[in-house]
Structure formats: C-alpha cells, structure tokens
Amino acid sequence: MTPDRHNSVHRRGLRFLRARRRVVGRLAAWSVLETAQTFLTGYALARALDAGFLAGRVDVGLGWLAAAALAVAVGAYGTGRVYGAVAALVEPLRDRLVRHVVERGVRDADRGALSRLTQQVEIARDTFAGLVMVSRSFVFTAAGALIGLFSLAPPLLLVVVPPLAAGVALFALTLRPLTRRQEAFLVADEELADRLGTVCPGLRDITAAGAEEQVAADAGALIAAEQYAARSLARWGVLRVVALAIGGQLPIVLLLATAPWLLAHGVTPGALVGALAYVTQSLLPALQNLIHGLGTSGSRLAVVLRRLAPDTPAPTDAPAPAPAAAPDTTSAPGSAPPGPPAAVSLSSITLSSLSFAYGPASEPVIDGLDLSVPHGTHLAIVGPSGIGKSTLTALMAGLLAPTRGSVDVRPAPDSPAPGHPGHPIRVLIPQEAYVFTGTLAENLGQLRPDPVPERELLAAAEALGLGALLDRLGGPTAEVDPGTLSSGERQLVALTRAYLARASLALLDEATCHLDPAAEERVERAFARRGGTLVVVAHRISSALRADRVLVMDGLRTTYGSHDDLLERSPLYRDLVGAWSPAGGAPAAHRPGTSHPALPLRDPDGVDAVAGAGLPRDRRHVVAYGPVGQMEASGDLRDGGALGGQ
C-alpha cells in the first residue's frame with residue numbers, strides 16, 4: 030500500500046470516528062470499569078499480603094481478595110456494555126460499505142460487487158470490531174496497571190515501563206511494512222487463484238495445444254511470487270514476536286532479577302507480587318492481543334478498506350480475462366459493432382536463426398530458420414508428417430520457447446499502440462478443437478470480453494459455414510453438448526470463435542482436417558477476407574495453392590516462396606502438387622487432363638498427396654499410395670467414393 034493510500038484510509042477512519050463522538054465517549058466510559066478491575070487485580074493482592082496475611086491478619090487479607098473478586102464482577106458488567114457500544118460503532122460502518130458496494134455495482138456494472146458484498150464487507154466489519162476491542166482493552170488495561178504500579182511503589186515503573194514502551198514502539202514501526210507485505214501476499218494469492226481458475230478447466234486444451242511447459246512456467250512464476258510474499262511477510266512477523274518478548278516478557282525477568290534491589294529500596298514483598306500480577310495477568314495478555322490483532326487483522330482491514338473505499342475509482346472498462354492456454358489460446362480485447370467483424374490490424378512475423386529441440390540431447394526439429402512474413406500475408410506450411418510444422422506454429426504462437434534465435438510478431442506501423450484495446454495479438458486453432466458445455470453463443474464468443482452481438486455472430490457463422498449447425502441446434506442461445514458434435518462441427522465452432530476474436534495473427538494448425546475440401550476452402554477464404562496475417566499448416570495441398578506464400582519443410586531444409594516459384598525450385602513441392610514431368614516436358618500439373626503418380630514422401634502414415642488433377646474423382650486431397658488392404662476406411666478420405674475408385 031502506498032503512503033497516499035495508507036493516509037487516505039487513515040483520514041477516512043478519523044472522520045468516521047469524529048462523526049460518532051458520542052458512541053466513542055460511551056465506549057470509553059464503560060471501559061473505565063475495566064481500568065478499575067485491572068487496578069484492583071494487583072493492588073488488592075499486594076494489600077492482602079502486606080496488610081493481611083504477612084501481618085497475621087487473615088480477615089484483612091480475605092477482605093482485599095473479596096474486593097478484587099468484586100472488581101472482576103463489575104468489570105464483566107462493563108465489558109457487556111462495551112459490546113453494545115462496539116456494535117453501535119461497527120454496524121454503521123458495515124451499512125456504509127454495503128451501500129457503497131451496491132451503488133457501485135449498479136452504476137458501474139462492477140463484476141466484483143458480489144464478492145465485495147458477501148465477503149469483503151463482512152471481513153471489514155468483523156476485523157474492525159476486533160480491532161476496536163483489542164485496542165481499547167490495551168489502552169485501559171495498561172492505564173490501570175501503570176496506575177497500580179505507581180500506587181504500590183514508584184520504583185516499579187523504572188523496571189516495567191522502559192521494556193514495555195520499547196516493545197510497543199518496535200511493534201508500531203512494523204505496522205506499515207506489515208500492511209504492505211500483507212497486501213502483496215493477498216494480491217499474489219488472488220492472481221494465482223485466478224490463473225488456476227482459468228487453467229484447470231482447460232487442461233485438456235492445454236495438452237492438445239502442447240502448451241504444458243509454458244502454462245507450468247507461468248503458474249510456477251505466480252507460485253514463486255506468492256512464496257516470496259509469504260516469506261517476506263513471515264520475516265516481518267518475527268519482529269512481532271520480538272516486540273512481544275521485549276514488552277511483555279522482559280519485564281517479568283527484570284522484576285525477578287531486580288527483586289533484591291527493589292526490596293532494599295522500600296518495595297514491600299506484597300508490592301513485588303502485585304507488580305508481577307500486573308505484568309502477567311494484565312499487561313502481557315493485553316499486549317499479546319494488541320500485537321496479534323492489530324498486526325494481522327489491522328493490515329488486513331487496511332487492504333480491504335482500500336478496495337472498498339468510496340473514493341477508489343471502479344475499474345469499469347477493464348475486460349474480463351479470457352481463458353488462458355486453451356486451443357485457441359489468445360483473445361483479442363474489445364467488442365465489435367453489430368455486423369461482420371471489423372477489419373483487423375496487421376502483424377508481421379520475423380524468425381531469426383530460429384532453432385528448437387525437444388531436449389538437450391535431441392536432434393533439432395528446426396535449425397537456424399530465418400523467415401520474414403510481411404503484414405497481411407496468407408502463408409501455407411507444407412511438408413511430410415512429423416517434419417515440424419506444428420512445432421513451428423507453436424513457436425509462432427509463443428507456446429514453445431526457442432532453443433536459440435527469436436520469434437518477433439509485430440503490429441503494422443499504423444496499428445494501435447500496445448495496451449490499446451485494438452492491439453494485435455495471436456490466436457491458435459489446433460487440430461483438436463475445444464467446445465465446452467454451454468450455449469453456442471458462449472462458445473463462439475469465448476475470446477471476446479463482452480457478448481458478441483447476434484448480427485455479428487450470425488454473419489460469422491454464415492461466412493465460415495456454421496449456419497447448418499446453428500439451425501440444427503436451434504440458434505445462438507441453444508445449449509451445446511460437445512459429445513453430440515462431430516469432429517468437423519467442433520472444428521467449425523473453434524474456427525468461428527477465432528474468426529470473431531479479430532486477432533491480427535491467426536494460426537491454423539491442421540484446424541480444418543475434419544472438414545471436406547469445399548468447407549476447408551470456405552474457411553480459409555473467409556479468414557483471408559477478414560484481414561490480418563494467416564498461417565495455415567496445410568492438410569491438403571489445395572491450401573497451398575490458395576496461399577500468397579508457401580513454406581516447404583523437408584527435414585532441416587526449407588524453401589520459401591510463391592506457388593510458381595516453388596514449382597521451379599523445390600522438387601518436394603513439385604511432388605506434393607503432382608508436378609512430376611519427364612525430362613524436357615512441361616510440368617504435368619500445367620497440362621490439362623494428364624497426371625502422374627506422386628513420388629513417395631517417406632510419410633510414416635503411408636499417405637501422399639494426389640499427383641495431379643487428372644485422376645478419377647480427384648479433389649486435390651490426400652490418398653493412400655500403399656496396398657489397399659492396409660489402408661484406412663474410405664470414409665476417412667473425405668471424398669465420398671469407394672477406395673477402389675481412386
């Protein structure tokens with residue numbers, strides 16, 4: 030807590046007490062009875078010994094003890110009246126805080142109003158009541174004990190008062206640092222709880238996106254921050270123990286150590302016993318309650334009051350945090366006007382000497398890759414299975430940290446500055462799409478801080494081909510059961526969600542693998558029209574034909590360029606698009622009605638791209654080149670025909 034905030038809470042507290050002077054006066058009046066009780070606790074015991082039992086007058090000793098017992102009864106009566114006065118002081122504070130929380134919640138649509146009303150207000154009420162009790166008790170108990178010590182023998186004050194004052198002063202010096210560290214601990218705890226609250230429901234998605242290491246690292250950093258705050262708080266808490274030892278326990282030792290000197294200077298045995306009673310039965314418990322109550326609850330109250338304070342502005346324009354590390358991991362803040370999504374800002378991608386390996390002793394999957402993708406580019410990444418395409422997109426998305434080199438995603442020069450609601454960010458859609466139980470509108474608007482207008486939602490569904498599913502379920506407000514959706518339908522939901530996010534960099538990691546070729550083309554063209562930079566890990570070679578630029582990955586070798594460039598420069602790419610041709614002839618892909626078999630691509634799944642456009646029923650998708658009896662069912666080929674027809 031900053032000094033200004035601390036002083037602000039302090040000033041408001043003083044104004045609150047001044048406005049209730051009569052209640053404070055009544056509280057002090059009833060507390061005087063406790064002062065009398067404390068005074069008689071030691072004084073009556075000393076007189077019972079000196080004037081009674083040690084003088085052989087038992088009746089006098091019993092009389093003083095009876096007076097002490099009567100003082101206890103009177104003090105108990107005063108304590109009962111004290112509780113009534115404390116209630117008259119505390120309940121108006123609670124009512125004032127409740128009124129402020131409700132007004133703020135209604136006026137500013139404060140999402141934290143319910144938590145403040147049900148938890149923080151009650152914390153403030155109970156803690157304030159406890160602080161009033163322990164502070165009042167210490168003041169009047171210490172007054173009664175010190176008056177009693179002076180009445181018994183003034184030299185006793187020389188032994189008791191210095192360590193008591195030193196202990197109280199040391200404790201007072203720790204109050205502000207303790208408050209700051211208590212607030213730091215509470216903030217760290219809330220951040221960790223908020224992070225885990227978003228991560229735990231998305232564990233399946235984190236695994237699907239390969240983001241386990243990053244999520245673990247982020248959570249580990251928050252855990253370390255809370256641990257540091259807890260240790261710092263504990264270190265300052267040790268000073269409370271030291272203050273209690275100096276102010277409450279050291280006087281006992283000093284009274285016993287100086288007993289011969291005190292007795293030699295006119296202090297009677299009864300007065301010495303009475304002084305020990307004052308310290309052990311009154312001062313030590315009162316100081317202990319003050320240190321533990323004010324030291325812990327006081328700092329907690331200061332933090333809560335600062336959050337509930339009427340002059341603290343409510344964060345009305347802060348967007349709700351989006352779920353972290355879900356398959357489409359990054360959300361774009363800000364809401365869109367009704368209708369199709371507004372044009373998004375553009376981002377460029379620069380990979381500099383990028384290398385990545387999955388372990389210190391592992392061979393690199395990507396080694397020294399340099400690549401520049403300009404703003405607004407549609408990039409397709411192609412290559413055999415297991416070559417590192419998904420690893421590269423995870424690096425671009427920030428889910429993996431490079432072993433060497435860097436990934437730089439930057440907004441276009443005319444894009445909003447960082448921190449602006451329109452600041453470009455990334456969205457990744459992996460192969461395994463995430464759909465949760467809830468309405469279709471909630472699923473589609475998951476990456477938006479505010480509900481998506483229905484007109485915009487319907488326009489996005491129409492653009493990506495989700496309209497049939499939307500009609501079948503019964504509209505945007507229909508409940509979705511993920512188990513009843515096909516893999517392709519789940520992918521369409523995730524793709525539409527990313528489309529509505531309006532992120533400037535969209536990464537589709539085989540995110541259309543369960544769609545037929547026509548649906549895949551519709552989705553990719555919708556993202557291209559939407560604007561921004563689009564990176565597609567191609568499931569079918571037709572995705573590369575639609576792209577502005579193509580990155581061909583072949584082991585640690587890569588080739589980058591346009592479709593026509595790569596047909597000339599990359600043998601692997603010619604194989605992928607079926608551009609094999611005899612020496613001296615034109616590429617087969619350029620000759621209508623002709624086709625040649627694709628060359629084996631060393632694909633461990635036994636799947637290669639169609640050679641060209643001349644095969645029967647060819648739709649530029651993948652086909653099996655191995656023996657028919659060893660292939661998957663023809664339904665997996667998404668062509669609608671029998672395998673033998675290929």
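Just so you know, the sequence shown maps onto residues 30 to 675 in our numbering. Just so you know, even glycine gets a beta-carbon here, dropped at the ideal spot from N, CA and C. All values reported here derive from a predicted model rather than from experimental measurement.
Residue i: which of the options sits nearest, CA to CA?
{"i": "A274", "options": "V163, T227, A386, V189", "result": "V189"}
{"i": "L43", "options": "G90, L122, V61", "result": "L122"}
{"i": "L498", "options": "V581, A488, P480, V522", "result": "V522"}
{"i": "C229", "options": "A248, Q211, D218", "result": "A248"}
{"i": "S391", "options": "S419, G427, P413, T432", "result": "T432"}
{"i": "L502", "options": "D479, G467, A535, L279", "result": "G467"}
{"i": "T227", "options": "L476, G388, F169, F82", "result": "L476"}
{"i": "G517", "options": "D500, A548, A530", "result": "A548"}
{"i": "G397", "options": "H294, R578, M582", "result": "M582"}
{"i": "A182", "options": "A315, W290, E241", "result": "W290"}
{"i": "P480", "options": "D510, G512, I458, A530", "result": "A530"}
{"i": "E219", "options": "R210, E255, E241", "result": "E255"}
{"i": "A222", "options": "L251, A77, A198", "result": "L251"}
{"i": "Y257", "options": "Q211, L284, A245, V296", "result": "Q211"}
{"i": "Q278", "options": "Q317, L380, A532", "result": "Q317"}
{"i": "L268", "options": "F200, A80, R110, L185", "result": "F200"}
{"i": "R578", "options": "Y589, E491, H294", "result": "Y589"}
{"i": "T506", "options": "A97, G560, E471", "result": "E471"}
{"i": "T203", "options": "P478, A263, P192", "result": "A263"}
{"i": "Q460", "options": "C542, L605, S515", "result": "C542"}
{"i": "L429", "options": "Y307, A245, F465", "result": "A245"}
{"i": "I570", "options": "P413, G427, L225", "result": "P413"}
{"i": "G607", "options": "T587, L585, A573", "result": "A573"}
{"i": "A100", "options": "D88, L585, Q66, W93", "result": "Q66"}
{"i": "R76", "options": "L160, V296, V197", "result": "V296"}
{"i": "A116", "options": "A158, A97, A198, S166", "result": "A158"}
{"i": "E242", "options": "G388, A172, G496", "result": "G388"}
{"i": "T156", "options": "L319, D545, T236", "result": "L319"}
{"i": "T379", "options": "A557, A240, A426", "result": "A426"}
{"i": "V565", "options": "R209, H407, A58", "result": "H407"}
{"i": "Y528", "options": "E553, V509, I395", "result": "E553"}
Let me check one thing: in DSSP terms, what residues is residue i bridge-paired to?
{"i": "E508", "result": "T468"}
{"i": "R455", "result": "L534"}
{"i": "H407", "result": "L563"}
{"i": "I378", "result": "V402, V438"}
Can you look up residue i in the DSSP assignment and give me helix, strand or coil?
{"i": "L538", "result": "For clarity, residue 538 is Asp in the given sequence; the question names Leu instead. DSSP places D538 in strand when its eight states are reduced to three."}
{"i": "L383", "result": "strand"}
{"i": "T587", "result": "strand"}
{"i": "D545", "result": "coil"}
{"i": "V606", "result": "coil"}
{"i": "V579", "result": "strand"}
{"i": "T562", "result": "strand"}
{"i": "R110", "result": "helix"}
{"i": "H592", "result": "helix"}
{"i": "L400", "result": "strand"}
{"i": "D479", "result": "coil"}
{"i": "I320", "result": "helix"}
{"i": "S391", "result": "coil"}
{"i": "R569", "result": "coil"}
{"i": "R433", "result": "strand"}
{"i": "T297", "result": "coil"}
{"i": "S164", "result": "helix"}
{"i": "I416", "result": "coil"}
{"i": "E550", "result": "helix"}
{"i": "A523", "result": "helix"}
{"i": "Y528", "result": "helix"}
{"i": "E461", "result": "coil"}
{"i": "G277", "result": "helix"}
What whole-angstrom Cβ distance do residue i and residue j have, given they're in contact under 8 Å?
{"i": "L580", "j": "A535", "result": "Not really, about 16 Å apart at Cβ, beyond 8 Å."}
{"i": "E597", "j": "R575", "result": "With 8 Å as the limit, E597 and R575 do not qualify as a contact, their Cβ atoms being about 19 Å apart."}
{"i": "H404", "j": "S435", "result": "The pair is not a contact, with the Cβ atoms about 18 Å apart (cut-off 8 Å)."}
{"i": "L424", "j": "L486", "result": "The Cβ separation is near 32 Å, so there is no contact."}
{"i": "P184", "j": "P280", "result": "About 13 Å separates the two Cβ atoms, so there is no contact after all."}
{"i": "F179", "j": "L186", "result": "6 Å"}
{"i": "A174", "j": "S311", "result": "5 Å"}
{"i": "E63", "j": "G90", "result": "Contact doesn't hold; Cβ gap of about 25 Å is too wide."}
{"i": "V438", "j": "R519", "result": "Going by Cβ atoms, the distance from V438 to R519 rounds to 27 Å, so no, they are not a contact pair."}
Beta strand (DSSP E) segments (min. 3 residues) lying fully within the stretch 174-217: none
Whole runs of the alpha helix (DSSP H) within the stretch 46-120, excluding any shorter than 4 residues: 50-76
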